[in-house]
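Participant:
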Amino acid sequence: MRITNITAQIRSTPLKTPFKTALRAVSEVKDVYVTVETNSGIIGFGEAAPTAAITGETIPSIMSAIDGYIKPSLVGRDFSEFETMMNTLSKCIIGNTSAKAAVDMALYDIYSQSLKLPLFRFLGGSKTQIQTDVTISVNDDATMLKDTLIALEEGFTSLKIKVGTRGIADADTIIQIRKQIGPIPAIRVDANQGWGPKEAVTIIRLLEDAGADVELVEQPVPAKDLDGLTYVTNNTLTPILADESVFSPADAGEIIRRHAADFINIKLMKTGGIFQALKICSIAEAYGVKCMMGCMCESKASVAAAAHLAAAKAIITMADLDGPHLCKEDPFEGGPSFNGPIIRMTEAPGIGVRFKN
Ligand SMILES: [Mg+2]
Numbered sequence: 057m058r059i060t061n062i063t064a065q066i067r068s069t070p071l072k073t074p075f076k077t078a079l080r081a082v083s084e085v086k087d088v089y090v091t092v093e094t095n096s097g098i099i100g101f102g103e104a105a106p107t108a109a110i111t112g113e114t115i116p117s118i119m120s121a122i123d124g125y126i127k128p129s130l131v132g133r134d135f136s137e138f139e140t141m142m143n144t145l146s147k148c149i150i151g152n153t154s155a156k157a158a159v160d161m162a163l164y165d166i167y168s169q170s171l172k173l174p175l176f177r178f179l180g181g182s183k184t185q186i187q188t189d190v191t192i193s194v195n196d197d198a199t200m201l202k203d204t205l206i207a208l209e210e211g212f213t214s215l216k217i218k219v220g221t222r223g224i225a226d227a228d229t230i231i232q233i234r235k236q237i238g239p240i241p242a243i244r245v246d247a248n249q250g251w252g253p254k255e256a257v258t259i260i261r262l263l264e265d266a267g268a269d270v271e272l273v274e275q276p277v278p279a280k281d282l283d284g285l286t287y288v289t290n291n292t293l294t295p296i297l298a299d300e301s302v303f304s305p306a307d308a309g310e311i312i313r314r315h316a317a318d319f320i321n322i323k324l325m326k327t328g329g330i331f332q333a334l335k336i337c338s339i340a341e342a343y344g345v346k347c348m349m350g351c352m353c354e355s356k357a358s359v360a361a362a363a364h365l366a367a368a369k370a371i372i373t374m375a376d377l378d379g380p381h382l383c384k385e386d387p388f389e390g391g392p393s394f395n396g397p398i399i400r401m402t403e404a405p406g407i408g409v410r411f412k413n
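This is the structure:
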């Protein structure tokens, strides 16, 4: 079975409410959708999210990476040499991880379809259901509380609260939300690189002293400041999750070697797809470092691929796969079902997601 063509198209899906973090604000998911064709008739499907503030990629950069580098390197390649083919995808252009991720997941989609297995079973997994948190965007306190109460009404029991824009005052936001919602819902705090190391320690200790019962704090300091991240991890009791600091398996190894964070957030748009994400899982598993499966502002095509990986790997114990829930419309059919906090896998071969028309 050989690759005969790779095509990419741009489509937009509006969000229910704007997605805002310490780094960016977006009101729609405008992504690149990739179709890979084979001489067997099996077609694979993937998605790339242009997250310029994190991966450096834009719609034009993703389109030209695929058309100019990935497609010429892969057309004609045979699935009987899958490892070699995936290494070619990794090496045909430096960076451009989201462009690679879209093609990578389409290739896994094809390979698992050819074996008539859902992707999570092809990867050796057996979880048929996973649970995701939901993002509460950074806003004024009243809006964040209102969004939190809506999320709880929708059945979410785990919240990913975005902060990182107001320094020490971020602690008050979290403490107020905890007071309003009571002790049960889990609170994950994501600063998206918004604090300095000492500021982060001060804020996290305020949260600890106030009994805010925060499950974890994600990426408190800038991505490249691994010394700062290590300082925060060593000087607080709350578990620290590395997100923007970890793109590659080597990044994950460095975080673990330094014990710079307690957990690792894996996103296909950072790793360049499933092939590299599996290596991060193996490194993390070897050292007992639990992972979260996350997503950018993505629609169901790529989040479904992430859900398959999360369903496949025991070391992925947390999921932040709320992209489809945040979209106002669902232009897709098939694949895992996203119903509030619950993602249910199906036994359909491959990833299973296609555009409705
Ligand atoms: Mg994050």
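Numbering-wise, this note's numbering comes out as the position in the sequence shown, counting from 1, plus 56.
C-beta: ideal position from N, C-alpha, C; glycine also.
Computed from a prediction, not measured in an experiment: that's the story for all the values here.
List the whole-angstrom C-beta distance separating Ala242 from Thr213, where the pair is believed to meet the contact cut-off of C-beta under 8 Å.
Facilitator: Mapped onto the sequence shown, residue 242 falls at position 186. Mapped onto the sequence shown, residue 213 falls at position 157. At roughly 6 Å, the Cβ-Cβ gap stays under 8 Å, so Ala242 and Thr213 are in contact.
Participant: Taking Cβ positions, are Ala340 and Ile371 nearer each other than 7 Å?
Facilitator: Walking along the sequence shown from the start, residue 340 turns up at place 284. Walking along the sequence shown from the start, residue 371 turns up at place 315. Yes, Cβ-Cβ distance for Ala340 and Ile371 is below 7 Å.
Participant: How would you call Ser338, buried or exposed, if buried means at least 16 neighbouring beta carbons within 10 angstroms?
Facilitator: Here residue 338 is taken as the residue at index 282 of the sequence shown, counted from 1. Ser338 is exposed by the Cβ-count criterion.
Participant: With a threshold of 6 Å (Cβ to nearest heavy atom), would Glu274 be considered close to ligand 1?
Facilitator: Position 218 of the sequence shown holds residue 274. Yes.
Participant: Measure the beta-carbon distance from Ile118 to Ala162 and round it to whole angstroms, keeping in mind my assumption that it falls under 8 Å.
Facilitator: The sequence position of residue 118 within the sequence shown is 62, counting from 1. The sequence position of residue 162 within the sequence shown is 106, counting from 1. With 8 Å as the limit, Ile118 and Ala162 do not qualify as a contact, their Cβ atoms being about 14 Å apart.
Participant: Tell me the rounded alpha-carbon separation between Gln169 and Phe394.
Facilitator: For the purposes of this step, residue 169 is taken as residue 113 along the sequence shown, with counting starting at 1. For the purposes of this step, residue 394 is taken as residue 338 along the sequence shown, with counting starting at 1. Spanning the two alpha carbons is a distance of roughly 21 Å.
Participant: On the CB-based measure, 16 or more other CB atoms within 10 Å of its CB, does Gln275 come out buried or exposed?
Facilitator: Residue mapping note: residue 275 aligns to position 219 of the sequence shown, counting from 1. When all chains shown are included, Gln275 counts as buried.
Participant: Verify the CB distance criterion: does Lys202 have a CB-CB separation below 7 Å to chain D?
Facilitator: Given the protein chain composition of this structure (a single chain), no chain D is represented.
Participant: Look up Phe176 in the DSSP assignment and say whether it is helix, strand or coil.
Facilitator: As a first step, residue 176 must be located in the sequence shown, where it is residue number 120. If DSSP states are grouped into helix, strand and coil, Phe176 belongs with the helices.
Participant: Would you kindly work out how many angstroms separate the C-alpha atoms of Ile296 and Thr94, rounded to a whole number?
Facilitator: Residue 296 sits at position 240 when you count from the first residue of the sequence shown. Residue 94 sits at position 38 when you count from the first residue of the sequence shown. Straight-line Cα distance between these residues: approximately 43 Å.
Participant: Is it buried or exposed for Thr140, if we count other Cβ within 10 angstroms and need 16 for buried?
Facilitator: Position 84 of the sequence shown, counted from the start, is the residue given in the question as residue 140. Exposed: under 16 other Cβ atoms inside 10 Å.
Participant: Using beta-carbon positions only, say whether Ala105 and Met349 come within less than 7 Å of one another.
Facilitator: For the purposes of this step, residue 105 is taken as the residue at position 49 of the sequence shown. For the purposes of this step, residue 349 is taken as the residue at position 293 of the sequence shown. Not in contact: Ala105 and Met349 (Cβ atoms no closer than 7 Å).
Participant: Can Thr60 and Val85 be called in contact, C-beta distance under 7 Å?
Facilitator: Sequence index remark: in the sequence shown, residue 60 carries index 4 (1-based). Sequence index remark: in the sequence shown, residue 85 carries index 29 (1-based). Taking 7 Å as the Cβ cut-off, Thr60 and Val85 do not qualify as a contacting pair.
Participant: What three-state label does DSSP hand Gly284 in the structure shown?
Facilitator: To locate residue 284, count along the sequence shown from 1; it is residue 228. Helix.
Participant: Given a cut-off of 7 Å on the beta-carbon distance, is the pair Gly250 and Thr221 in contact?
Facilitator: Counting from one through the sequence shown, the residue named residue 250 turns up at place 194. Counting from one through the sequence shown, the residue named residue 221 turns up at place 165. Going by C-beta atoms, Gly250 is nearer than 7 Å to Thr221.
Participant: Would Asp165 pass as a contact of Gly406 if the rule is Cβ separation under 7 Å?
Facilitator: Indexing the sequence shown from 1 puts residue 165 at position 109. Indexing the sequence shown from 1 puts residue 406 at position 350. Yes; because the gap between Cβ atoms is below 7 Å, this pair is in contact.
Participant: When you compare only the Cα positions, how much space is there between Ala333 and Val359?
Facilitator: To locate residue 333, count along the sequence shown from 1; it is residue 277. To locate residue 359, count along the sequence shown from 1; it is residue 303. Ala333 and Val359: Cα-Cα distance of roughly 14 Å.
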